[in-house]
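**Q**
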Amino acid sequence: MDFLFPGLSSFLLDRTMSGQISLVVHLAVTKIGDILLEEATKGTIAKLSEKLANLKELPVKIEQIKKVLTMMSNVIRQIGRVYLTDDVVKSWIGDVRKVAYHVDDVMDKYSYHLRQLQKEGFLRKFFIKGTHYAIVFTEITDEVVEVEKEIQLVIKMKEQWMQPFQLVANPLTEMERQRSQDSFPKFVKDGDLVGIENNRIWLTRWLYSEEPETENNVITVSKIYPCFKCLRT
1 MDFLFPGLSS FLLDRTMSGQ ISLVVHLAVT KIGDILLEEA TKGTIAKLSE KLANLKELPV
61 KIEQIKKVLT MMSNVIRQIG RVYLTDDVVK SWIGDVRKVA YHVDDVMDKY SYHLRQLQKE
121 GFLRKFFIKG THYAIVFTEI TDEVVEVEKE IQLVIKMKEQ WMQPFQLVAN PLTEMERQRS
181 QDSFPKFVKD GDLVGIENNR IWLTRWLYSE EPETENNVIT VSKIYPCFKC LRT
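Take the sequence shown: its letter number 135 is residue 135 in this note's numbering, and every next letter is one higher.
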């Protein structure tokens with residue numbers, strides 16, 4: 001397909017990549033929302049905060065991370081498609097993906113240990129293995145702080161290296177792209193490729209001819225932009 005429309009495959013791949021990354025971010029955001037909205041989880045977090053002072057701000061921090069990731073996902077979706085092949089834009093989108101994966105991992109750990117506490121009763125579980133859970137949730141808190149630093153770095157990189165026009169789709173460019181897509185099918189019809197019909201007729205006649213075969217009969221298919229040419233030797 002690239003011999004007809006140079007760069008088209010790369011463009012479609014980049015468009016797919018941005019959609020996949022938006023999905024990764026969306027899944028991380030959804031996971032945060034599920035944890036924060038669950039009533040049983042809210043109660044466990046409140047009890048933990050009474051025992052471990054450094055957990056008091058954790059729900060607030062996680063909620064802020066959710067908002068930032070949501071905004072980043074929106075930014076990625078509205079980036080002008082023509083800029084998705086830009087190396088700076090691709091690099092930034094990749095960094096957002098890494099942050100989203102990190103958030104997803106932290107939320108999995110957070111959710112798992114909260115449910116472990118709920119499973120056998122908070123008080124019994126915590127007082128028997130209090131030191132263990134103090135260490136676990138302190139580590140989670142530290143990871144959330146690391147995520148916050150990663151997010152700030154990604155924001156700084158966007159402000160430092162990306163131009164505002166790269167983050168907003170240009171209506172005229174998008175209209176032109178849409179026109180190209182609308183006309184694309186007629187370009188790939190065999191009958192519209194210069195010379196292909198004559199070559200097809202010639203090749204069909206030769207294949208079904210009763211002319212005696214010889215060892216010297218060879219078909220050569222050569223690529224001549226933007227079509228193919230068949231030669232018999």
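For every residue, glycine included, the Cβ atom is placed at its ideal position computed from N, Cα and C.
Pick from Y110, I65 and K31: whose alpha carbon is nearest that of E150?
**A** If we check each option's Cα against that of E150, I65 comes out closest.
**Q** By Cβ distance below 7 Å, which residues in the same chain neighbour V25 in space, the five residues on each side in sequence not counted?
**A** L69, M72, S73, V96 and A100
**Q** Just to confirm my understanding: we take R77, look at its own chain, exclude 5 residues before and 5 after, and list those with CB closer than 6 Å. What are they?
**A** S22
**Q** Can you have a look at A28 and say buried or exposed, based on whether 16 or more other CB atoms are within 10 angstroms of its CB?
**A** Buried, since its Cβ has 16 or more Cβ neighbours within 10 Å.
**Q** Quick check on the burial criterion: 16 or more other C-beta atoms within 10 angstroms. Buried or exposed for V60?
**A** exposed
**Q** Please list, in chain order, all residues of the same chain as T138 whose beta carbon is under 8 Å from its beta carbon, the five residues on each side excluded.
**A** L52 and N54
**Q** Taking only three categories from DSSP, how would you classify D142?
**A** helix
**Q** Measure the Cβ-Cβ separation of L48 and L117 and say whether it is below 9 Å.
**A** yes
**Q** Does I79 come out as helix, strand or coil in the three-state DSSP assignment?
**A** coil
**Q** With a CB to CB cut of under 8 Å and the five nearest residues on each side skipped, what residues in its chain are close to H113?
**A** Y133, V136, F137 and I140
**Q** Drop a sphere of 10 angstroms on the beta-carbon of W92, count the other beta-carbons inside from all chains shown, and report buried for 16 or more, exposed for fewer.
**A** buried
**Q** For a test of the three-state rule: what should DSSP assign to Q163, helix, strand or coil?
**A** coil
**Q** Given a cut-off of 9 Å, decide if M162 and V103 are closer than it, judged by their beta-carbon atoms.
**A** The criterion of a C-beta distance shorter than 9 Å is not satisfied by V103 and M162.
**Q** Looking at the structure shown, is M157 part of a helix, part of a strand, or coil, going by DSSP?
**A** helix
**Q** At which residues does the alpha helix (DSSP H) containing L48 begin and terminate?
**A** E39 to K51
**Q** Report the CB separation of I155 from M107 in whole angstroms; it is logged as a contact under 8 Å.
**A** Their Cβ separation, rounded to whole angstroms, is 20 Å, which puts I155 and M107 out of contact at 8 Å.
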